[in-house]
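Note sheet for the following structure.
There are 4 protein chains.
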Amino acid sequence: MRIKVAILGATGYTGGELVRLLARHPQVQIVHVTSERHAGKPLRNAFPHLTSQPELVCRSLEDKKGLENIDVAFCALPHLASMREVPYLLAQGTRVVDLSADFRLHDPLIYRTWYGTDHLAPQLLPEAAYGLPELHRSNIASARLVANPGCYPTSVLLALAPLLKGGWIDPELLIIDSKSGVSGAGRSASQDNLFTEIEGGFRAYKVEGHRHTPEIEQELSLLAGADLRVRFVPHLLPQSRGILSTCHLRPRVVRSQAEWQEILHTFYHDEPFVQVLEAGNWPATSHVRGSNYCHLGVAVDSRTGWLTVLSVIDNLVKGAAGQAVQNMNVMFGMKEGTGLEQLPLFP
Amino acid sequence: MRIKVAILGATGYTGGELVRLLARHPQVQIVHVTSERHAGKPLRNAFPHLTSQPELVCRSLEDKKGLENIDVAFCALPHLASMREVPYLLAQGTRVVDLSADFRLHDPLIYRTWYGTDHLAPQLLPEAAYGLPELHRSNIASARLVANPGCYPTSVLLALAPLLKGGWIDPELLIIDSKSGVSGAGRSASQDNLFTEIEGGFRAYKVEGHRHTPEIEQELSLLAGADLRVRFVPHLLPQSRGILSTCHLRPRVVRSQAEWQEILHTFYHDEPFVQVLEAGNWPATSHVRGSNYCHLGVAVDSRTGWLTVLSVIDNLVKGAAGQAVQNMNVMFGMKEGTGLEQLPLFP
Amino acid sequence: MRIKVAILGATGYTGGELVRLLARHPQVQIVHVTSERHAGKPLRNAFPHLTSQPELVCRSLEDKKGLENIDVAFCALPHLASMREVPYLLAQGTRVVDLSADFRLHDPLIYRTWYGTDHLAPQLLPEAAYGLPELHRSNIASARLVANPGCYPTSVLLALAPLLKGGWIDPELLIIDSKSGVSGAGRSASQDNLFTEIEGGFRAYKVEGHRHTPEIEQELSLLAGADLRVRFVPHLLPQSRGILSTCHLRPRVVRSQAEWQEILHTFYHDEPFVQVLEAGNWPATSHVRGSNYCHLGVAVDSRTGWLTVLSVIDNLVKGAAGQAVQNMNVMFGMKEGTGLEQLPLFP
Amino acid sequence: MRIKVAILGATGYTGGELVRLLARHPQVQIVHVTSERHAGKPLRNAFPHLTSQPELVCRSLEDKKGLENIDVAFCALPHLASMREVPYLLAQGTRVVDLSADFRLHDPLIYRTWYGTDHLAPQLLPEAAYGLPELHRSNIASARLVANPGCYPTSVLLALAPLLKGGWIDPELLIIDSKSGVSGAGRSASQDNLFTEIEGGFRAYKVEGHRHTPEIEQELSLLAGADLRVRFVPHLLPQSRGILSTCHLRPRVVRSQAEWQEILHTFYHDEPFVQVLEAGNWPATSHVRGSNYCHLGVAVDSRTGWLTVLSVIDNLVKGAAGQAVQNMNVMFGMKEGTGLEQLPLFP
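Residue numbers (the working numbering), protein chains in the order written: chain L, 2 to 348; chain H, 2 to 348; chain E, 2 to 348; chain Y, 2 to 348.
This is the structure we're talking about:
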């Protein structure tokens, strides 16, 4: 028997990606999709690549009919909108994977600082599991509410977890230079994200501070066992998908490249989606496109002593919808990779 | 029990795409992959997006060991190389899906005219089935040797078959203006296909005559019941995947757009991979990316009387590897869409 | 002494391109630029690539101060807005190069049919010169009002003029399959033109009829000496700049490729901006990028008898701002190529 | 009277860019261009965007005829090839701007370490001026031999010079995360740089050490007045042109963003090609495309104390050919911006 799922906010890129993956998940049935702009119309009007799914018709968020018997709801809504819906869903007995930022930060004051608004459901924060299965699998398994990580944090945490947890690097000197494809900016009409503005126009943005910073710091602090801060600078790539994070680190010990690789290898030995590349190979966003994989590479610069860890994911898959499906699989006791088997699309 | 497959020429784009699809096909086991350049090395050295498949190790074509018990071989070799291998495979009792041009043309003289060399296995031409399941399904089912269609011909034949077979259009005035992504040019080092030469550099090529022309004419002539010729002009798009063919046609009758759509709809009613878009929607290559779908659109220009049929496919999937898998499914009595379920990757 | 120019609508792509060219024109001084959205602010706020031009400050269209002594105004406004401004400018004694569609069509009824609104200044239509210098140089030289051609029409007219004027081709069978970069769609926020929607997503649009059709027909009819119609199908390329038009034609006579080339060569012998490529070379949009050149290529398909003429321009230069500057040079008796000397930017 | 220039290696991207700029330089005449592959043929065969320059015909390097009366030669040859040619040119009395790496490093031992070969003309190293006019203008003015800086070093040195020279930042903690367009990799046929491999495939490369590192260190050490080392990690962008360097720095003092900007502003006050963006604007590669400008931005992260300086250039212009022309202008007492006036091409 298939579990019943709802996707709230199905006409954004994350929503569309959830449909792409869940429509082919063998233990799932999509029974409810919402879109305010396309309410009452087939989803394929908004997403012609889903032309083969004529049966999916969008509803408004306000139309709660049919939401009663949902086993799990994926909230692919903007922050603020999400925390307005989640309490209702939980009250219905529906488990929730929330893809917004609303339940990722444990501390509502930090939420307020970075998002400029009070949290509307602070009582739910203590129970929300941070949905990075590689770090929080058992919490996720039993959670009613899973906060799916941000795309940048996913790429950074997978790169740094083995090193911070092992105490191998200086937590005072963490520089993260990240680069993301444009799909991370969403699907709303915008001048800044027109093809003409982006093509050939690589640039940094939010250099003075990006909202994913406190999320990265929260999780890295947990790993390091002490409060730490990171310098995080995001950039916008002229490509639709993919994140590459270049992490510049100071090791506390001298190790060879092979030894650093071995540390990563050992940490992720049993993880289906994290792959440490062999020496001489550097991660490329195109090599994980459309898949739930994370590729890691490590280099040590013997001249200066700096250690560099490189990490790539598809921001819409391991950075959003794929990880959400992975979380659902964990929550419902399914094989963790179900529905996520497809290999990367290259070229 | 899974059937055993070999992929000859696994490190080109078509070969890599065959691996991507067949590695996830539930009734298939890849037991043999070849690459001259990477013989003896893991396939993932050539294709880092296949890092998760360390067990696939390339062999040389000359190393026939292990080829004895193959159920079906996919030849993703260049033309000429292919017709040197196919007779051996058939003699072993292996069925063959050949993705080169070598067995598509029924007439060896036409082959010689367009490919500039004598055919080395003309005795096999009569039995080779032309592998477009939508038109030749029963031949394919029983064939030892299936000639997988070219990418351009696939896009054109699916657009024109309903109209030519129905006698609706003038077979004397067929203008096909096609545009292809760069992956169609293969993976060999080349100055012409460097990123820097292609980005922002749309152009036509082989304007005086492209080798896919006789293949298109052969199949369209069969449909029309008479010899015909087409004007076919290919262009190169600054994108990796996708073909769009714009077919300019003279109708023999006056019909509305809705009626033309209905003709296409009816023809493809039971076809899982051909989708006729609703009025007002035009096919886009991004809406079939990574999938085996073909999207069709039709417009009638009442001012001039010209009919336009637009067709898009992913040249590496429905135009090559996906169609080859579809053919294999037909040959072995499997459900035709097995292993081809994944939805297009957008954006 | 420099002539004084105004640019109305300076923050769209065409306006920005006018600034790029005119700021370096040795006989011109930009004294007035307008933008409703950026009125009162430096132009470089809207266009950081013009950071080196801090002295250009945007005004509102309504602020007519400073417009009195303008020698020539470039209207880079949307249609409708343009014909509201032009009468005032002319009344001031300012000559006008209008880059909108408002004064291109001689017949106000045809304007109404295609633009869905009455023309507001039909009295000016008889005197408006159609600003393609290669065809209408002497009219332009003496005109108060020049209607700068559309980007598609420029590419098509330069390709077909020698053949239609010479009577070499059948005016009943003109098929024009054009492909344009995204900058042609303007700079307004839009979902359809987001990078993510365009990358890898080649498609046709307005297949049932595009507004540049009557403009093409008007000018081709003049050349042919008889009313004719064309089938014109535009497509959208995943690149910012460039138009390639593929013209499929029926010759009335049998000629070799070299002879067709010679016909084009002869026609454009003295034209500084139109270049007929040598045999075996096909025009590419990247080879005219940023320049005012048009490259032409011609192929004859001896099997079918179809003649193909290929034409590329940069839609923002020869298709808009560059041609406008060329027109201005003609109008003011300057050397026609002044300010347009720069060579194409490749890669 | 125009000075006579030669361009050695005219069919690579840097060579093509030199032709683009020098063909329009009012005080220069290109009298000699070389290409081994195209010797004896018009340059426009190799570069169709130069179709309008039919008079430029390539010669072989070995053909020294016509080289006698050259005023200045631009060597756009690979390293090693360059230092074989330069002594001959100097002996002829020709001044040289060398765009290879051969004369940038003052210490032949460092050259040997990074380039794996002995220097063939170490006697010339002491007199070679490092061709960054913003730092070494007077040396350049009188030099026979100017070593044009690498593209990455140009972007980094312009970003860091004011801060290191002023003693404002810690020279022990310099992390430079750079991203370059593909044209930096040259025009040779290559699988790695095919469009299909690059599109959507952002990645780092030479993470363990790139040859531009010692050049950066040499010049920064001069500025700091002490030997220093940098951690430099280059990445490859899916775009043809542009470099963005993100420099992560530790200030020695607490300053506001406005104060940091003011430091940069003051340093570059009289420089025509270096522009410090206003607060809230971040440099984008598209905003300097095709021009000789460098845009700088600065951000201070008050939470962590890190200072970030961002720098963009067009790698083929300010990072190569444009800077070479700027150097020539300095060497011959011309106005420094001559031939470099054109504004960036956007979009």
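Where a beta carbon is used, it is the ideal one built from N, C-alpha and C, also for glycine.
- Counting other Cβ atoms within 10 Å of its Cβ, Y/L110 stays below 16 and is therefore classed as exposed.
- DSSP places L/G298 inside the beta strand (DSSP E), whose first and last residues are 295 to 301.
- Boundaries for H/Q327: no beta strand (DSSP E) harbours it, while the alpha helix (DSSP H) harbouring it runs 323 to 332, taken from the DSSP string.
- Taking C-alpha positions only, E/H107 is separated from E/V255 by approximately 35 Å.
- Taking 8 Å as the cut-off, the beta carbon of L/M335 is found no closer than this to the beta carbon of L/V73.
- In this structure, L/Q240 sits away from Y/F196, with a CB-CB distance that is not shorter than 8 Å.
- Counting only residues of its own chain and dropping the five nearest sequence neighbours on each side, H/T309 has a CB closer than 8 Å to the CB of T247, C248, H249, L250, V299, A300, V301, D302.
- Around the beta carbon of E/G243, 16 or more other beta carbons sit within 10 angstroms, so the residue counts as buried.
- Remark: C-beta atoms of Y/C76 and Y/V87 approach each other more closely than 8 Å.
- Y/F274: not part of any alpha helix (DSSP H); DSSP gives it neither H nor E.
- Under the Cβ criterion of 8 Å, E/N194 is not counted among the residues facing chain Y.
- Between L/I8 and L/I31, the gap from beta carbon to beta carbon is short of 8 Å.
- In this structure, H/G187 places its C-beta atom within 8 Å of the C-beta atom of H/G13.
- Sequence-distant partners of Y/G323 (beyond 5 residues in either direction) whose C-beta falls short of 6 Å from its own C-beta, in its chain, are N293, L341.
- Out of H/G117, H/S143, H/T118, the CA that lies nearest to the CA of H/A129 is found in H/S143.
- Taking 9 Å as the Cβ-Cβ cut-off, the stretch 22 to 37 of chain E approaches chain Y at L22, A24, R25, given in chain order.
- Annotated three-state conformation of E/T197 is helix, per DSSP.
- In this structure, Y/L221 is the residue among Y/P150, Y/L221, Y/D99 with its C-alpha nearest to the C-alpha of Y/L174.
- For L/V183, the neighbours in chain E by C-beta distance under 7 Å run, in chain order, F196, T197.
- For Y/L344, there is no enclosing alpha helix (DSSP H), as DSSP gives it neither H nor E.
- Counting other Cβ atoms within 10 Å of its Cβ, H/E18 reaches 16 or more and is therefore classed as buried.
- Counting C-beta atoms within 10 angstroms of its own C-beta, H/N328 has 16 or more neighbours from the protein chains shown and is therefore classed as buried.
- Three or more pairs of CB atoms, one per stretch, sit closer than 8 Å, so the stretch 152 to 160 of chain H contacts the stretch 206 to 221 of chain H.
- A contact is defined here as three or more CB-CB pairs under 8 Å, and the stretch 261 to 275 of chain E fails this definition with respect to the stretch 120 to 127 of chain E.
- Counting only runs that start and end inside the stretch 153 to 235 of chain H, the alpha helix (DSSP H) elements of at least 4 residues fall at 196 to 199, 213 to 225.
- Secondary structure at Y/F268: helix, using DSSP grouped into helix, strand and coil.
- Straight through space, the alpha carbons of L/G67 and L/V318 are spaced by roughly 27 Å.
- Residues of the stretch 148 to 171 of chain L with a C-beta less than 7 Å from any C-beta of chain H: none at all.
- Per the coordinates, the alpha-carbon of Y/A148 lies some 18 Å from the alpha-carbon of Y/T118.
- Taking C-alpha positions only, E/V20 is separated from H/E337 by approximately 58 Å.
- Of all alpha-carbon atoms in L/L44, L/I141, L/G94, L/S189, the one lying nearest the alpha-carbon of L/N330 is that of L/I141.
- Every unbroken stretch of the beta strand (DSSP E) spanning 3 or more residues and falling wholly within the stretch 10 to 43 of chain L is given here in chain order: 29 to 35.
- The C-alpha of H/A259 is placed about 18 Å away from the C-alpha of H/G168.
- Interface flag for H/S241 against chain Y is set, since a Cβ pair is found closer than 8 Å.
- For L/R230 and E/L346, the gap between their C-alpha atoms comes out near 44 Å.
- Chain L has a Cβ within less than 8 Å of the Cβ of E/A190.
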